[in-house]
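Here the structure comes first, spelled out in structure tokens, and everything after it is commentary.
In this note's numbering, the protein residues as written are 272 to 375.
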């Protein structure tokens with residue numbers, strides 16, 4: 272499992288309809304990584320209505336979060352396609368002036 276911290280640039284939910292007619296939901300979360308000194312942008316996937324209900328509220332636009340994730344790969348026609356699959360999300364609390372310690 273991997274970990275990353277960054278700022279949420281966007282999130283959106285999509286529905287996927289299979290050939291059998293089943294409907295599944297996934298949430299796509301776009302995150303800008305800032306801790307490394309580079310501003311790399313990555314897109315993560317939260318799959319399934321249960322996972323979205325459990326973790327989706329922790330993903331808020333323009334807020335910093337920490338994500339635990341797995342890398343999943345699929346091969347198709349001699350090419351590999353990767354998915355960054357979210358395992359857990361932690362929303363960082365916003366500090367206010369009142370939260371900061373006072374020093375003389």
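Note that beta-carbon positions come from the ideal geometry of N, C-alpha and C, so glycine has one too.
Between residue 275 and the set 322, 302, 316 and 353, the nearest pair of CA atoms involves 302. Residue 310 is bridged by DSSP to nothing; it lacks a bridge partner. Around the beta carbon of residue 336, 16 or more other beta carbons sit within 10 angstroms, so the residue counts as buried. When the Cα atoms are used, residue 294 and residue 286 turn out to be separated by approximately 7 Å.
Taken atom to atom, the span from the alpha-carbon of residue 299 to that of residue 282 is near 6 Å. Shown here for residue 272: same chain residues with a beta carbon closer than 8 Å to its own, the five before and five after excluded, namely 339, 340, 341 and 358 in chain order.
DSSP places residue 339 in the uninterrupted beta strand (DSSP E) bounded by 335-347. Cβ contact annotation for residue 318 (same chain, cutoff 6 Å, sequence separation greater than five): 297, in chain order. In this structure, the alpha-carbon of residue 312 lies about 34 Å from that of residue 291.
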